[in-house]
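K.L.:
Dropping a structure here in structure tokens format, bear with me for questions.
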Amino acid sequence: MNSISGSFGVIVRKEFSDYMRSWKAIILIVIIVLTCMGSLYTALGNIGEAVKQGGTDDSFLFLKLFTVSDGALPSFAVFIGFLGPLLGIALGFDAINTEQNKGTLSRLLSQPIYRDYIINAKCVSALFVIGTMLFSLGFLMMGFGLIFIGIPPTAEEFSRIVIFLLLSMVYIALWLNLALFFSVRSKQPATSALSGIAVWLFFSVFYNIILNVVGRALSPSSMAMPDQIVHYQRFMMNLLRFSPGELFQEVTMTMLMPSVRSLGPLTFEQVDGAIPSPLPLGQSLLVVWPQLTGLIAITLIFFMLAYVSFMRKEVRSR
Amino acid sequence: MSQQVIELTGLSKRYGNFTAVDNLHLEIRKGEIFGLLGPNGAGKSTTILMILGLTEPSEGSVSVCGINSTTHPVEVKRKVGYLPEDVGFYEDMTGMENLVYTASLNGIPRPEACEKAALLLNRVGLGGEMKKRTGKYSKGMRQRLGLADVLIKDPEIIILDEPTSGIDPAGVQDFIHLILHLSHENGLTVLFSSHHLNQVQQVCDRVGLFDKGRLLTVIDINELHKKPGELEEMYNRYLGGNKHE
């Protein structure tokens, strides 16, 4: 039994080293590192302006490194939200079908290992790559921030950044698992890559366009009661939340901007009398709990789809 | 010699309405070289997948060294080495590295794995190529490496599924001699699947004739008096219009 579990470690190590040496991963990681360095540069250049404008987040100066932008170059958080899915897809789209096309899958499966070790190891090793990259970047940002701002992060800021990095991992894992699923289902890596990119494009571009059309069609008249307008807004927001990118954006915004107190439409009655102070970490987590569990659930569903498809797959030599 | 190492009992595999293997009963003895002979699509590869526990039978059972393949595939795969028709290797790794990787999946410690891999590479005639990336290996070299890969875990049984397809005639003869030599030297039980009559006749002790998922007959090669063409005659007689070219 020990040798079997040892085999899992052997596969993970091999996959991790393959990922780290593959050109596709190296290119994407370099792009992400460069763009994040660009974000850091603009954040450091504009952080003074952001503080001068004043606001409830002034006590969380360190977090602004991850959210401030000059408008020309997006912030670190926005970059991760945009390029993260591409990294996930790049790591997963050819994980299984390439093994099958090269004839290594049947050889691997004829060894005394459980079948699910292969897909689990592919996922775990890709998560190691994603985690290593995200935490290296995050800590690099914090390190540079510390040097340039001269103020160390508070424990809460540090916790919020670590939670943000973990959530980014979950978000990228979501796309990784979707790509893994396509790599099990499609024989050709190009087909699985295109399928993954098509889903990503749909949710990042076309879904919003479709919702705009739906929103216009369902929009209440100017004579509508406030209840109807609130109901309509909630309905549209819920539709928007079918997009993983939207869920990630809401979670990121709440974790990195403690002044965000709610993610839905607010009435004057709800706002009246509220003190405009930042939320503590626990309260911010409560605000994004549905989005958080939703993201994790979608990630697990995609992994389950990939897992079940792989376990049911009939593996023959090429 | 009479001990059964592989027992297939009422084995069937269906994909929807298509029956790939139909009620197969077969026993393979320890130390023999058994041939699975039949045209493409006869059910040979599906039978092999079921023996390895890589696909579940629709009916019946497979026992390898007394272990049920369907319920305990990992234990079976410890005892069985499998060389698929077109074996694949990680092309950015050398022949040696590929073998060491297989060995580590079988729980063999690295120093021992390196030693065994070097020994096996020499035995299959790839001693001079062990540090070459497998992406640069010819088809024949890959099949030889496949044989070394199969042997690195010291299996009791080896299954070779169309191992000579795509190799030039001289390479085929070399490969067949290698199989005979290694099986006699190590006392291995070999399951040799092929659709080439001459190869099967040259290598095997007994042959099972397959067609349309059914085992038509089992022929003892020694009883054929080694007459050239006799197996072909039997093959054509059993397979009717499906003449072998």
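Protein chains in written order, with our numbering: chain X, 626 to 943; chain Y, 82 to 326.
Yeah, the Cβ is synthetic: ideal placement off N, Cα and C, and Gly gets one too.
Using a Cβ-Cβ distance under 8 Å, would Y:Arg159 count as near chain X?
P.N.:
The residue labelled residue 159 of chain Y in the question sits at position 78 within the second sequence. At least one chain X Cβ lies under 8 Å of Y:Arg159.
K.L.:
Flag Y:Arg110 as yes when its Cβ comes closer than 7 Å to any non-hydrogen atom of the ligand NAD, and as no otherwise.
P.N.:
Absence of the ligand NAD from the depicted structure is noted, as is the absence of any ligand whatsoever, leaving it without description.
K.L.:
Are X:Ala751 and X:Ser700 close, meaning C-beta to C-beta below 8 Å?
P.N.:
In the first sequence, residue 751 of chain X corresponds to position 126, counting from 1. In the first sequence, residue 700 of chain X corresponds to position 75, counting from 1. The answer is no: Cβ separation not under 8 Å.
K.L.:
Distance cutoff 8 Å, beta carbons only. Does X:Val655 sit that close to anything in chain Y?
P.N.:
Taking the first sequence and counting its residues from 1, one reaches residue 655 of chain X at position 30. No, its Cβ sits nowhere closer than 8 Å to a Cβ of chain Y.
K.L.:
Enumerated in chain order, which unbroken segments of the alpha helix (DSSP H) with a length of 4 residues or greater are wholly contained in the stretch 279–307 of chain Y?
P.N.:
none
K.L.:
If you draw a straight line from the C-alpha of Y:Met82 to the C-alpha of Y:Lys213, how long is it?
P.N.:
Taking the second sequence and counting its residues from 1, the one referred to as residue 82 of chain Y is at position 1. Taking the second sequence and counting its residues from 1, the one referred to as residue 213 of chain Y is at position 132. Here the model assigns Y:Met82 a pLDDT of 48, short of 50, so the residue's position is not dependable, and the following value carries that caveat. Taking the straight line joining both Cα atoms gives about 41 Å.
K.L.:
Compute the Euclidean distance between the alpha carbons of Y:Leu241 and Y:Leu272, then round it to the nearest angstrom.
P.N.:
The residue labelled residue 241 of chain Y in the question sits at position 160 within the second sequence. The residue labelled residue 272 of chain Y in the question sits at position 191 within the second sequence. Looking at the two C-alpha atoms, the distance is approximately 6 Å.
K.L.:
By the 10 Å Cβ neighbour count, where 16 or more other Cβ atoms means buried, how is Y:Asp173 classified, buried or exposed?
P.N.:
Numbered from 1 along the second sequence, position 92 holds the residue referred to as residue 173 of chain Y. Counting of Cβ neighbours within 10 angstroms places Y:Asp173 among the exposed residues, the total staying below 16.
K.L.:
Return the CA-CA distance between X:Ser846 and X:Trp914, expressed in angstroms with no decimal places.
P.N.:
For the purposes of this step, residue 846 of chain X is taken as the residue at position 221 of the first sequence. For the purposes of this step, residue 914 of chain X is taken as the residue at position 289 of the first sequence. Going by the C-alpha atoms only, they are around 33 Å apart.
K.L.:
Taking the Cβ atom as the reference point for each residue, do Y:Lys125 and Y:Phe291 lie within a distance shorter than 8 Å?
P.N.:
Locating residue 125 of chain Y in the second sequence gives position 44, where the first residue counts as 1. Locating residue 291 of chain Y in the second sequence gives position 210, where the first residue counts as 1. In contact: Y:Lys125 and Y:Phe291 (Cβ atoms closer than 8 Å).
K.L.:
Using DSSP's beta-bridge definition, name the partner residues of Y:Glu88.
P.N.:
Along the second sequence, one-based indexing puts residue 88 of chain Y at 7. Note: Y:Glu88 sits in a beta bridge opposite Y:Glu108 and Y:Ser144.
K.L.:
How far does the alpha helix (DSSP H) with X:Thr816 in it reach, from first residue to last?
P.N.:
Residue 816 of chain X sits at position 191 when you count from the first residue of the first sequence. Run containing X:Thr816: Pro814 to Leu826, per the alpha helix (DSSP H) assignment.
K.L.:
Among the candidates Y:Arg295, Y:Glu304, Y:Asn303 and Y:Asp301, whose CA atom is the shortest distance from the CA of Y:Leu320?
P.N.:
As a working mapping, residue 320 of chain Y is identified with position 239 in the second sequence. The candidate whose alpha carbon is nearest that of Y:Leu320 is Y:Arg295.
K.L.:
Say whether chain X places a C-beta atom closer than 8 Å to the C-beta of Y:Glu88.
P.N.:
Taking the second sequence and counting its residues from 1, one reaches residue 88 of chain Y at position 7. No - not a single Cβ of chain X is within 8 Å of the one on Y:Glu88.
K.L.:
Judging by CA-CA distance, which residue of Y:Gly112, Y:Leu186, Y:Met131 and Y:Ser139 is the nearest neighbour of X:Val635?
P.N.:
On the first sequence, residue 635 of chain X is found 10 positions in, with the first residue counted as 1. Looking at the Cα atoms, Y:Leu186 is the closest of the given residues.
K.L.:
Run through chain Y and tell me which residues come within less than 7 Å of X:Leu734, C-beta to C-beta.
P.N.:
Along the first sequence, one-based indexing puts residue 734 of chain X at 109. What X:Leu734 touches in chain Y: Leu135.
K.L.:
Threshold first: 3 residues or longer. Then list the beta strand (DSSP E) segments lying entirely within the stretch 114–139 of chain Y, N to C.
P.N.:
114–118
K.L.:
Tell me the DSSP bridge mates of Y:Ile248?
P.N.:
Taking the second sequence and counting its residues from 1, one reaches residue 248 of chain Y at position 167. DSSP output for Y:Ile248 lists no bridge partner at all.
K.L.:
Going by beta-carbon coordinates alone, are X:Leu716 and X:Leu801 separated by less than 8 Å?
P.N.:
As a position in the first sequence, residue 716 of chain X is number 91, starting the count at 1. As a position in the first sequence, residue 801 of chain X is number 176, starting the count at 1. Yes. Within cutoff.
K.L.:
Here's the rule: buried if 16 or more other CB atoms are within 10 angstroms of the residue's CB, otherwise exposed. What is X:Phe827?
P.N.:
The residue given as residue 827 of chain X occupies position 202 in the first sequence. So X:Phe827 ends up on the exposed side.
K.L.:
Looking at X:Glu782 and X:Phe685, is the spacing between their C-beta atoms short of 8 Å?
P.N.:
The sequence position of residue 685 of chain X within the first sequence is 60, counting from 1. The sequence position of residue 782 of chain X within the first sequence is 157, counting from 1. Cβ atoms of X:Phe685 and X:Glu782: closer than 8 Å.
K.L.:
Using the Cα positions of Y:Gly97 and X:Pro905, report the straight-line distance between them to the nearest angstrom.
P.N.:
Position 16 of the second sequence, counted from the first residue, corresponds to residue 97 of chain Y. Position 280 of the first sequence, counted from the first residue, corresponds to residue 905 of chain X. Approximately 59 Å between the Cα atoms of the pair.
K.L.:
Could you list which residues in chain Y have their beta carbon closer than 7 Å to that of X:Glu939, in chain order?
P.N.:
Here residue 939 of chain X refers to the residue found at position 314 of the first sequence. Near X:Glu939 (Cβ distances below 7 Å), the residues of chain Y are Thr136.
K.L.:
Whole angstroms is fine: what's the gap from X:Ser934's alpha carbon to Y:Leu232's?
P.N.:
Position 309 of the first sequence, counted from the start, is the residue given in the question as residue 934 of chain X. Position 151 of the second sequence, counted from the start, is the residue given in the question as residue 232 of chain Y. X:Ser934 and Y:Leu232: Cα-Cα distance of roughly 31 Å.
K.L.:
If you draw a straight line from the C-alpha of Y:Pro236 to the C-alpha of Y:Glu196, how long is it?
P.N.:
For this step, residue 236 of chain Y is matched to residue 155 along the second sequence. For this step, residue 196 of chain Y is matched to residue 115 along the second sequence. Cα to Cα, Y:Pro236 sits roughly 17 Å from Y:Glu196.
K.L.:
For Y:Phe273, which of helix, strand or coil comes out of DSSP?
P.N.:
What you label residue 273 of chain Y is simply residue 192 of the second sequence in a count that begins at 1. Strand, per DSSP.
K.L.:
Got a sec: is the Cβ-Cβ distance from X:Ile721 to anything in chain Y below 8 Å?
P.N.:
Here residue 721 of chain X refers to the residue found at position 96 when the first sequence is read from its first residue. No, because no Cβ of chain Y sits closer than 8 Å to the Cβ of X:Ile721.
K.L.:
With DSSP run on the structure shown, which of helix, strand or coil describes X:Gly696?
P.N.:
Your numbering for residue 696 of chain X matches position 71 in the first sequence. Coil.
K.L.:
In the structure shown, what three-state DSSP assignment does X:Asp852 receive?
P.N.:
By 1-based counting over the first sequence, the position of residue 852 of chain X is 227. The three-state reading of DSSP puts X:Asp852 in helix, counting H, G and I together.
K.L.:
When the Cα of Y:Ile87 is compared with those of Y:Val181, Y:Met211, Y:Gln283 and Y:Ile109, which residue comes out closest?
P.N.:
The residue given as residue 87 of chain Y occupies position 6 in the second sequence. Measuring from the Cα of Y:Ile87, the nearest candidate turns out to be Y:Ile109.
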